[in-house]
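Number of protein chains: 2
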Amino acid sequence: MKIDHVALVVADLESTLALYTQTLGFTPVYREIILDQGVEAVGLQAGESIVELLRPLDPDSPIARFRGDADGRMHHVAYRVDDLAATLSRLQAAGIRLIDETPRKGAHGNRIAFLHPKSTGGVLIELCQPGGA
Amino acid sequence: MKIDHVALVVADLESTLALYTQTLGFTPVYREIILDQGVEAVGLQAGESIVELLRPLDPDSPIARFRGDADGRMHHVAYRVDDLAATLSRLQAAGIRLIDETPRKGAHGNRIAFLHPKSTGGVLIELCQPGGA
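As given, the protein sequences belong to chains G and Z, one line each in that order. According to the working numbering, the residues represented by the first sequence are 1 to 133, in order. According to the working numbering, the residues represented by the second sequence are 1001 to 1133, in order.
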């Protein structure tokens, strides 16, 4: 499995984006509102992966509360799989609790599903199949 | 900049490692004690990057306290650079606060340095130059 993206929830999207592009040298590759996840997302190219900065649309949402008082916090790691539906079935059969039992639409045209951190050692994992319709 | 590794601090290294290898399908590529950082680290291959599971050696250390009550927590993202010393100089000149002003020894023969999260939008960033002597 490859890292599709690492997602960070940030308090100030514009200043963090300026830091990553102007100071750290990253190149933005997409910027979009993902209504389904309640965030605005900016994707920055990092080799074969993406660093994704997330701004919660609703300051009272779970992802906004997850950040707490920090300026930013790592939110999840997404791994790329070839066949998301098959992978979800296999993981569920292996006893992994799924947040999404079937793939749904993610950023950038991806099909995605989240695994429950209670069964992944405490860290939120997203699985991601690129370029689904 | 490419993602060298994503590091997760975990409460139970053996069970998390079993989950990542047996259930999620990752392959371990190194396991070592990094005394300098006070952790045991297991690296799992993820494409051009590594997912690194960290077990704090001292349960009262800052990295252990960082995990808190969670089973696991994302700790830092490390980006690979060609010339770490030059990158640190450039970032310091750009106003970034450094935890390590000069490169030190990391896992797996790397030269590493941490940037201070206060000047990187709240998320701990490591820079990493592979294979330095």
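A virtual CB, placed ideally from N, CA and C, is assigned to each residue, including glycine. Note that the structure is predicted; figures quoted are calculated from it, not measured.
Residues of chain Z with CB closer than 9 Å to the CB of G:Ile-96, please, in chain order. Reading the first sequence from its first residue, position 96 is the one you call residue 96 of chain G. Leu-1019, Thr-1023 and Leu-1024, listed in chain order.
Under a three-way DSSP split, which group does Z:Asp-1004 fall into? By 1-based counting over the second sequence, the position of residue 1004 of chain Z is 4. In the structure shown, Z:Asp-1004 sits in a strand (DSSP, three-state: E or B).
Is there a C-beta anywhere in chain Z that falls below 9 Å from the one on G:Gly-47? Numbered from its first residue, the first sequence carries residue 47 of chain G at position 47. Answer yes: the Cβ-Cβ gap between G:Gly-47 and chain Z drops below 9 Å somewhere.
Looking at the C-beta of G:Leu-8, does it have a partner C-beta in chain Z at a distance below 9 Å? Your numbering for residue 8 of chain G matches position 8 in the first sequence. Cβ-Cβ to chain Z under 9 Å: yes for G:Leu-8.
Are G:Gly-121 and Z:Ala-1107 close, meaning C-beta to C-beta below 9 Å? Against the first sequence, residue 121 of chain G aligns to sequence position 121. Against the second sequence, residue 1107 of chain Z aligns to sequence position 107. No, Cβ-Cβ distance for G:Gly-121 and Z:Ala-1107 is not below 9 Å.
Nearest chain Z C-beta to G:Tyr-79 closer than 9 Å, yes or no? Position 79 of the first sequence, counted from the start, is the residue given in the question as residue 79 of chain G. It does: the Cβ of G:Tyr-79 has a partner Cβ on chain Z nearer than 9 Å.
State yes or no: is the beta carbon of G:Arg-73 nearer than 9 Å to at least one beta carbon in chain Z? Within the first sequence, numbered from 1, the residue matching residue 73 of chain G stands at position 73. Interface residue, yes.
In this structure, what does DSSP give as the bridge partners for G:Lys-118? On the first sequence, residue 118 of chain G is found 118 positions in, with the first residue counted as 1. DSSP, once it has assigned bridges, lists no residue as partnering G:Lys-118.
For G:Asp-82, which residues in the same chain have their Cβ closer than 8 Å to its Cβ, ignoring the five residues on either side in sequence? Walking along the first sequence from the start, residue 82 of chain G turns up at place 82. Once the five neighbours on either side are set aside, the close Cβ partners of G:Asp-82 are Gln-129.
May I ask which residues mark the beginning and end of the beta strand (DSSP E) holding G:Gln-129? As a position in the first sequence, residue 129 of chain G is number 129, starting the count at 1. From DSSP, the beta strand (DSSP E) with G:Gln-129 extends over 125-129.
Is the distance from the Cβ of G:Leu-24 to the Cβ of G:Leu-53 below 9 Å? On the first sequence, position 24 is the one that residue 24 of chain G refers to. On the first sequence, position 53 is the one that residue 53 of chain G refers to. Their beta carbons are not under 9 Å apart, which means G:Leu-24 does not touch G:Leu-53 by this criterion.
At which residues does the alpha helix (DSSP H) containing G:Arg-67 begin and terminate? The sequence position of residue 67 of chain G within the first sequence is 67, counting from 1. First-last of the alpha helix (DSSP H) with G:Arg-67: 62-67.
Along the chain, where does the alpha helix (DSSP H) that runs through G:Glu-101 open and close? As a working mapping, residue 101 of chain G is identified with position 101 in the first sequence. No alpha helix (DSSP H) holds G:Glu-101; DSSP gives it neither H nor E.
Counting contacts by CB-CB distance shorter than 9 Å, is G:Ala-133 in contact with chain Z? As a working mapping, residue 133 of chain G is identified with position 133 in the first sequence. Caution is warranted here: a pLDDT of 44 is assigned to G:Ala-133, below 50, making its placement in the model unreliable, and the coordinate value is therefore given only provisionally. G:Ala-133 does not count as touching chain Z.
Could you tell me the boundaries of the alpha helix (DSSP H) in which G:Ser-107 lies? Taking the first residue of the first sequence as position 1, residue 107 of chain G is located at position 107. Here residue 107 of chain G turns out to be Ala, not Ser, going by the sequence shown. Per DSSP, G:Ala-107 belongs to no alpha helix (DSSP H) and is neither H nor E.
State the beta-bridge partners of G:Val-51 as determined by DSSP. Working through the first sequence from its first residue, we reach residue 51 of chain G at position 51. Answer is G:Val-6 and G:Leu-44, bridged to G:Val-51.
Chain-ordered neighbours of Z:Lys-1105 on chain G, where CB pairs are closer than 9 Å: Mapped onto the second sequence, residue 1105 of chain Z falls at position 105. Ordered by position in chain G, no residue passes the 9 Å Cβ test against Z:Lys-1105, which lies about 23 Å from the chain.
Nearest CA to the CA of Z:Leu-1057: which residue from Z:Leu-1127, Z:Thr-1021, Z:Asp-1036 and Z:Met-1001? As a working note, residue 1057 of chain Z is residue 57 in the second sequence. Among Z:Leu-1127, Z:Thr-1021, Z:Asp-1036 and Z:Met-1001, the Cα nearest to that of Z:Leu-1057 is on Z:Asp-1036.
Given a cut-off of 9 Å, decide if Z:Leu-1115 and Z:Arg-1104 are closer than it, judged by their beta-carbon atoms. Here residue 1104 of chain Z refers to the residue found at position 104 when the second sequence is read from its first residue. Here residue 1115 of chain Z refers to the residue found at position 115 when the second sequence is read from its first residue. No, the pair does not count as a contact, with Cβ atoms beyond the cut-off.
Could you confirm whether any beta carbon from chain G is found closer than 9 Å to the beta carbon of Z:His-1076? For the purposes of this step, residue 1076 of chain Z is identified with residue 76 of the second sequence, where counting begins at 1. Z:His-1076 counts as touching chain G.
Using the three-state DSSP reduction, which class does Z:Ala-1018 fall into: helix, strand or coil? Numbered from its first residue, the second sequence carries residue 1018 of chain Z at position 18. Of the three classes helix, strand and coil, the one that applies to Z:Ala-1018 here is helix, per DSSP.
According to DSSP, residues forming a beta bridge with G:Arg-90: To locate residue 90 of chain G, count along the first sequence from 1; it is residue 90. Paired residues: none, contrary to the question.
Local Cβ density within 10 Å of Z:Ser-1049, reported as buried at 16 or more and exposed below that: In the second sequence, counting from the first residue as 1, residue 1049 of chain Z sits at position 49. Classification for Z:Ser-1049: buried.
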